[in-house]
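Visitor: Chains as they are written, first to last, in the working numbering: chain W, 360 to 651; chain Y, 360 to 651.
For every residue, glycine included, the Cβ atom is placed at its ideal position computed from N, Cα and C.
Note that the structure is predicted; figures quoted are calculated from it, not measured.
2 protein chains.
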Amino acid sequence: MADGSYLAIDWGTTNRRIYLMDRAGTALEAERDDRGVLMLSVDDYPTEIDRLRARFGAIPIIAAGMVGSTRGWRDIPYVEAPAGIETLARAVICMPAADVWIVPGVSIVAPGRADVMRGEEVQVLGAARAGLAPADARFCQPGTHNKWIRVAGARIVDFSTAMTGELFALLRDHSVLAEMMRGPVTDGPAFRDGVEAGRGGGLLTALFGVRAGVLLGRLDRADAAAFASGLLIGADVAAQLAPGDVIHVLSGGTLGTLYTSAIELLGGVAVPVDAEAAFLAGIHLVKEMLDA
Amino acid sequence: MADGSYLAIDWGTTNRRIYLMDRAGTALEAERDDRGVLMLSVDDYPTEIDRLRARFGAIPIIAAGMVGSTRGWRDIPYVEAPAGIETLARAVICMPAADVWIVPGVSIVAPGRADVMRGEEVQVLGAARAGLAPADARFCQPGTHNKWIRVAGARIVDFSTAMTGELFALLRDHSVLAEMMRGPVTDGPAFRDGVEAGRGGGLLTALFGVRAGVLLGRLDRADAAAFASGLLIGADVAAQLAPGDVIHVLSGGTLGTLYTSAIELLGGVAVPVDAEAAFLAGIHLVKEMLDA
Numbered sequence: 360m361a362d363g364s365y366l367a368i369d370w371g372t373t374n375r376r377i378y379l380m381d382r383a384g385t386a387l388e389a390e391r392d393d394r395g396v397l398m399l400s401v402d403d404y405p406t407e408i409d410r411l412r413a414r415f416g417a418i419p420i421i422a423a424g425m426v427g428s429t430r431g432w433r434d435i436p437y438v439e440a441p442a443g444i445e446t447l448a449r450a451v452i453c454m455p456a457a458d459v460w461i462v463p464g465v466s467i468v469a470p471g472r473a474d475v476m477r478g479e480e481v482q483v484l485g486a487a488r489a490g491l492a493p494a495d496a497r498f499c500q501p502g503t504h505n506k507w508i509r510v511a512g513a514r515i516v517d518f519s520t521a522m523t524g525e526l527f528a529l530l531r532d533h534s535v536l537a538e539m540m541r542g543p544v545t546d547g548p549a550f551r552d553g554v555e556a557g558r559g560g561g562l563l564t565a566l567f568g569v570r571a572g573v574l575l576g577r578l579d580r581a582d583a584a585a586f587a588s589g590l591l592i593g594a595d596v597a598a599q600l601a602p603g604d605v606i607h608v609l610s611g612g613t614l615g616t617l618y619t620s621a622i623e624l625l626g627g628v629a630v631p632v633d634a635e636a637a638f639l640a641g642i643h644l645v646k647e648m649l650d651a
Numbered sequence: 360m361a362d363g364s365y366l367a368i369d370w371g372t373t374n375r376r377i378y379l380m381d382r383a384g385t386a387l388e389a390e391r392d393d394r395g396v397l398m399l400s401v402d403d404y405p406t407e408i409d410r411l412r413a414r415f416g417a418i419p420i421i422a423a424g425m426v427g428s429t430r431g432w433r434d435i436p437y438v439e440a441p442a443g444i445e446t447l448a449r450a451v452i453c454m455p456a457a458d459v460w461i462v463p464g465v466s467i468v469a470p471g472r473a474d475v476m477r478g479e480e481v482q483v484l485g486a487a488r489a490g491l492a493p494a495d496a497r498f499c500q501p502g503t504h505n506k507w508i509r510v511a512g513a514r515i516v517d518f519s520t521a522m523t524g525e526l527f528a529l530l531r532d533h534s535v536l537a538e539m540m541r542g543p544v545t546d547g548p549a550f551r552d553g554v555e556a557g558r559g560g561g562l563l564t565a566l567f568g569v570r571a572g573v574l575l576g577r578l579d580r581a582d583a584a585a586f587a588s589g590l591l592i593g594a595d596v597a598a599q600l601a602p603g604d605v606i607h608v609l610s611g612g613t614l615g616t617l618y619t620s621a622i623e624l625l626g627g628v629a630v631p632v633d634a635e636a637a638f639l640a641g642i643h644l645v646k647e648m649l650d651a
């Protein structure tokens with residue numbers, strides 16, 4: 360047990376990813392489940408830790424993400440941007456269960472706006488420090504709450520969050536568009552038409568246009584979800600992007616593909632970054648700093 | 360029963376307003392209930408009509424609104440804009456229950472967009488024909504789906520619909536902002552700050568800023584709902600308004616106040632129009648044309 364191994368957990372809103380790490384920062388095992396913070400109450404966390412210890416032994420656990428939020432185990436104070444990986448490591452909080460550490464999120468307050476992140480900071484700073492992306496770069500981290508992050512000198516210096524993914528889910532699950540949004544969302548012509556339509560602003564009217572388009576036979580019902588996704592992602596990307604901007608996209612899966620497509624349609628250059636490798640690089644740097 | 364009286368029904372998504380009308384178009388009785396189309400299945404309508412007949416006698420019934428939609432009693436084809444009150448009257452559909460008439464909605468198809476309305480057309484054309492507003496005017500009809508309507512020569516020539524009200528409800532009831540949006544929405548400083556913040560675009564990030572602002576103590580939790588409402592209405596109005604534009608606002612109640620405030624904050628002139636009087640004027644014109 361004193362071999363330097365530990366558990367790194369990317370503990371988000373809906374998912375949890377658990378990595379058994381060796382002392383060199385290599386993931387020996389990885390698994391993913393749905394025991395995100397929405398599934399758990401405050402009192403569930405000690406039990407969760409006991410289960411992990413029963414399986415993996417009494418090794419340190421270091422977690423990042425929404426586990427450290429008002430909705431998670433405990434509200435860990437944000438560190439303020441600009442923030443580097445050392446800033447995070449200095450503000451890690453030890454939880455009552457022995458040897459469980461939670462990495463803080465990052466906040467920013469600028470004139471007229473305020474923003475917060477939890478979890479993305481480990482990925483972005485891990486990427487910038489491990490050479491997965493330049494130390495000066497812009498990142499897009501697609502998800503329920505899409506993050507746009509600017510890193511300079513391997514420190515987070517600015518960021519903003521768009522409710523793009525959550526709005527899509529609300530529209531698909533609860534809105535007047537819901538029954539029309541049963542089709543797949545892929546990077547096809549309907550999605551791309553949506554991106555073009557969404558780039559120009561007027562999102563509130565463009566969204567209702569999905570319903571009208573289907574009712575009037577101008578939009579195929581099977582394409583409505585992809586078109587609506589394009590509208591939202593197009594509006595999101597257009598608000599951030601100038602032609603020629605290089606954006607490092609931290610996401611695998613469909614969402615990463617959709618954002619990459621929208622960024623390129625709108626004149627930017629999208630560079631993929633392995634989000635998991637970035638998280639592991641970042642969390643291992645924090646762990647090393649804790650041990651130092 | 361042959362005295363020319365009839366029932367006029369503004370039969371919407373969530374509410375139903377029933378007016379007992381005399382032959383001159385005066386409402387003798389008025390009531391409002393929650394038996395909108397969302398409360399009813401297709402098979403419920405004949406029973407609803409029987410109940411109305413039992414109370415009011417075997418007089419004609421003329422209804423407008425979502426009752427004539429895919430979610431209502433029967434999908435009545437839209438008439439295409441440009442559309443005047445005569446256009447509506449010619450396309451009224453008689454339902455199987457004797458002497459029940461449903462007024463069609465209006466559709467528009469323009470390059471790159473399509474839109475539909477059901478119910479607002481009776482109000483707007485009623486207002487324009489009865490002198491409640493000029494025959495050439497722009498209207499705003501706040502509601503779950505806010506309508507912006509351009510009337511020329513007392514005909515609807517263009518319109519678009521914004522999902523403003525529905526998005527507000529989705530965010531308040533189902534989103535990550537929900538627990539923060541328990542405060543009142545009034546035309547106060549928080550709403551007006553939201554309008555100013557919403558006018559500049561970037562709605563997707565501004566909405567997440569509500570959460571971040573509360574978490575970081577920059578926005579009072581009690582003000583969050585009003586601020587979010589301001590963001591949405593500000594974005595909606597800003598997309599439609601040029602300075603000096605005169606907008607006729609067809610709505611009483613809080614929403615009318617909020618839109619009036621936002622229109623004036625953003626440099627427009629808001630003119631109130633009594634929405635109920637406009638509906639009654641419009642539906643009575645349709646009734647007269649049916650009888651002629």
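1) Would you please verify whether the beta carbon of M425/Y is less than 8 Å from any beta carbon of chain W?
2) According to DSSP, which residues form a beta bridge with W507/W?
3) Starting from the N-terminal side, write out each stretch of the alpha helix (DSSP H) that is 4 residues or longer and does not extend beyond the segment 513 to 588 of chain Y.
4) By how many angstroms is the C-alpha of G576/Y removed from the C-alpha of A332/W?
5) Between the Cα of V645/Y and those of A598/Y, A422/Y, D392/Y and N505/Y, spot the shortest distance and give me the residue it belongs to.
6) Taking S588/W as the reference, which of M522/W, V608/W and S610/W has the closest Cα?
7) Exposed or buried, what is R558/W when buried is set at 16 or more other beta-carbons lying within 10 Å of its beta-carbon?
8) Under 8 Å, CB to CB, which of the residues in the segment 467 to 491 of chain Y have a partner in chain W?
9) Roughly how many whole angstroms lie between the Cα atoms of Y365/W and L574/Y?
10) For A442/Y, which option in A556/Y, W460/Y and V483/Y has the closest C-alpha, if you only look at C-alpha atoms?
11) Candidates A456/Y, Y437/Y and D458/Y: which alpha carbon is nearest A450/Y's?
12) Am I right that L590/Y and A565/Y are in contact with their C-beta atoms under 8 Å? What's the rounded C-beta distance?
13) At a CB distance below 7 Å, what residues from the segment 564 to 576 of chain Y approach chain W? Give them in sequence order.
14) Using only the alpha-carbon positions, how far apart do A456/Y and A417/Y sit?
15) Would L625/W count as contacting chain Y if we go by Cβ distances under 8 Å?
16) Pull up the distance between the alpha-carbon of M454/Y and that of A621/Y, whole angstroms please.
17) For P470/Y and A581/Y, I'd like the C-alpha separation in whole angstroms.
18) Using a 10 Å radius around the Cβ and a threshold of 16 neighbouring Cβ atoms, would you call P463/W buried or exposed?
19) For V516/W versus T613/W, is the C-beta distance shorter than 8 Å?
20) If you run the structure through DSSP and keep just helix, strand and coil, what is M360/Y?
21) From this set, G593/W, Q500/W, E635/W and E647/W, which residue's C-alpha is nearest A386/W's C-alpha?
22) Exposed or buried, which one is P419/W when buried takes at least 16 other CB atoms within 10 Å?
23) Which runs of the beta strand (DSSP E) fall wholly inside the segment 429 to 454 of chain Y and span at least 3 residues, in chain order?
24) Helix, strand or coil, according to DSSP, for L379/Y in the structure here?
25) Determine the contact status of S610/Y and P493/Y, defining contact as a CB-CB distance below 8 Å.
26) Here's the rule I'm using: 16 or more other beta-carbon atoms within 10 Å means buried, otherwise exposed. How should G371/Y be labelled?
27) Would DSSP call A651/W helix, strand or coil?
28) Within the 8 Å Cβ cut-off, does D595/Y reach chain W?
29) When we look at the beta-carbon of R497/Y and count the other beta-carbons within 10 Å, is it buried (16 or more) or exposed?
30) With a threshold of 6 Å on Cβ separation, who are the neighbours of E439/W within its own chain once the five nearest residues in sequence on each side are excluded?
31) Which chain Y residues are close to L562/W, counting only those with a beta carbon under 7 Å from its beta carbon?
32) Using only CA atoms, which one of L399/W, M398/W, M380/W and P631/W lies nearest to E390/W?
33) Going by C-alpha distance, which of L399/W, V569/W, M540/W and G363/W is nearest N374/W?
34) Ignore the nearest five residues each way along the sequence and tell me which others in E388/Y's own chain have a CB closer than 6 Å to its CB.
35) Give a yes or no on whether 8 Å exceeds the smallest Cβ distance from V438/W to chain Y.
Guide: On the basis of the coordinates in this document:
1) no
2) C499/W and S519/W
3) 523 to 533, 548 to 557 and 562 to 574
4) The displayed coordinates of chain W run from 360 to 651. Any statement about residue 332/W would go beyond what the structure contains.
5) A422/Y
6) M522/W
7) buried
8) V468, G471, R472, A473, D474 and V475
9) 31 Å
10) V483/Y
11) Y437/Y
12) 5 Å
13) T564, L566, F567, G568, A571, G572, L574 and L575
14) 11 Å
15) no
16) 41 Å
17) 43 Å
18) buried
19) no
20) Low confidence applies to M360/Y: its pLDDT is 47, below 50, so where it sits in the model is not reliable enough to give any reading.
21) E635/W
22) buried
23) 452 to 454
24) strand
25) no
26) buried
27) coil
28) yes
29) buried
30) S466
31) L562
32) M380/W
33) L399/W
34) L379
35) no
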